[in-house]
Amino acid sequence: MVLVNEERCIGCGQCEKDCFSRTIRVENGKAKVFGRCMECGHCVAVCPMDAVEMEGYDGGEIFSGSRELCNIAPEDFLRFLKFRRSTRQYADCPVEREKLEMIVEAGRYTPTARNRQDVHFVLVQEWMAEIRPMIWEGFREMAKAWKEPAYQKMLLEFCREYDADHKNDRLFCGAPVLAVVTCETPWNGELTARTMELMAESLGLGSLYSGFIQRSIGYSPQAQEAMGISGERIAACLLLGYPGVKYLRSVPRKKAHAEWL
Ligand SMILES: Cc1cc2nc3c(=O)[nH]c(=O)nc-3n(C[C@H](O)[C@H](O)[C@H](O)COP(=O)(O)O)c2cc1C
């Protein structure tokens, strides 16, 4: 719920102009709120008098500034994006809680359709030793049920390698952390995971989207229960940890399939 401090409001109309749903409008020289909105906070961000608040949110986390303060050189950003790699080898060391909190924080600030903010984060690190075998059991069930014989052979080979020695773990790749993102609206969760991945990269961590883990959890009610996500829709699973591999160059990619009209 948006609240306007009428003593501060100067009726400039900036909030009205930037309000997607036209919920906030200036009447008799003051901004007024008509009903509920999607709580995007644009009225808070744009008000020159800091006269708008949002009930139910922590106002203490708002900071003032301008876009210039957040500038990242575009060439640096593009190089950062190109140099990022999926990490399938991890160092045998835990990830600091503060870094994981920053990753969740980045995820929390991802845009969501209709500003639903309907994302649930599960960070598994301390419970990894308990949860990993449950997910492996799901993987085994998934492999058994796989329809394409050639691919199924590969998945069963993963199981055999793991059974021979749990260090041969092609599912978790030795990552110390699993982040599971669940969400009613899948694309909100997928975008959130992407932001988390980029934040992880900027913190010097490696990450890997794991479609295998995502599907395996679907085959393991035990893992779902242990992570408290039974009945939730998994949008993405990300492995996280310090990289155990160093890339020395970027990789080639197909040319952009783009039309310039
Ligand atoms: C949605 C999604 C699911 C993925 N699932 C897996 C997976 O289960 N196992 C795996 O090793 N890599 C997985 N990957 C990583 C891709 O194989 C990887 O992004 C691609 O080969 C390009 O490599 P790069 O990320 O280093 O540029 C997945 C990537 C995405 C986007």
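Heads up: the sequence shown begins at 127 in my numbering, then just goes up one per residue. Virtual Cβ for every residue (Gly too), placed ideally from N, Cα, C.
Would DSSP call residue i helix, strand or coil?
i: GLU358; result: coil
i: ARG151; result: strand
i: TYR335; result: strand
i: MET268; result: helix
i: HIS246; result: strand
i: VAL377; result: coil
i: PRO302; result: coil
i: GLY367; result: strand
i: LEU129; result: strand
i: MET164; result: coil
i: MET228; result: helix
i: SER212; result: strand
i: LYS158; result: strand
i: MET325; result: helix
i: CYS141; result: helix
i: GLU310; result: coil
i: GLU179; result: strand
i: LYS293; result: coil
i: SER346; result: coil
i: ILE257; result: helix
i: THR318; result: helix
i: ALA276; result: helix
i: ARG223; result: helix
Consider the C-beta atom of residue i and the heavy atoms of ligand 1; say whether any pair is separated by less than 7 Å.
i: TYR335; result: yes
i: ARG359; result: no
i: SER376; result: no
i: SER212; result: yes
i: PHE247; result: no
i: PHE298; result: no
i: PHE338; result: yes
Among residues of its own chain, excluding the 5 on either side of residue i, which ones have a beta-carbon nearer than 6 Å to its beta-carbon?
i: ASN131; result: ALA177
i: VAL371; result: GLN215
i: LYS225; result: LEU329
Which whole-angstrom value describes the C-beta separation of residue i and residue j, a residue pair presumed to lie in contact below a C-beta threshold of 8 Å?
i: GLY139; j: VAL152; result: 5 Å
i: ALA319; j: TYR335; result: 7 Å
i: ARG341; j: MET268; result: 5 Å
i: GLY233; j: VAL245; result: 7 Å
Short of 7 Å in beta carbon distance, which residues of its chain neighbour residue i, apart from the five on each side in sequence? Order them along the chain.
i: ASN241; result: MET164, GLU165 and CYS166
i: GLU351; result: none
Output needed for residue i: all residues of its chain with C-beta closer than 8 Å, excluding positions within five of it in sequence on either side, in chain order.
i: TYR288; result: TRP262, ASN294, ASP295, ARG296 and LEU297
i: PRO259; result: none
i: VAL221; result: GLN251, PRO302, VAL303, LEU331, LEU366, GLY367 and TYR368
i: TYR373; result: PHE209 and ARG211
Comparing the C-beta of residue i with each C-beta of chain B, is any distance below 8 Å?
i: CYS135; result: No chain B appears in the structure shown, which is made up of a single protein chain.
(request) Report yes or no: do three or more beta-carbon pairs, one from the stretch 164 to 172 and one from the stretch 206 to 213, lie closer than 8 Å? (result) no
(message) Count Cβ pairs between the stretch 307 to 322 and the stretch 355 to 362 that sit closer than 8 Å; are there 3 or more?
(response) yes
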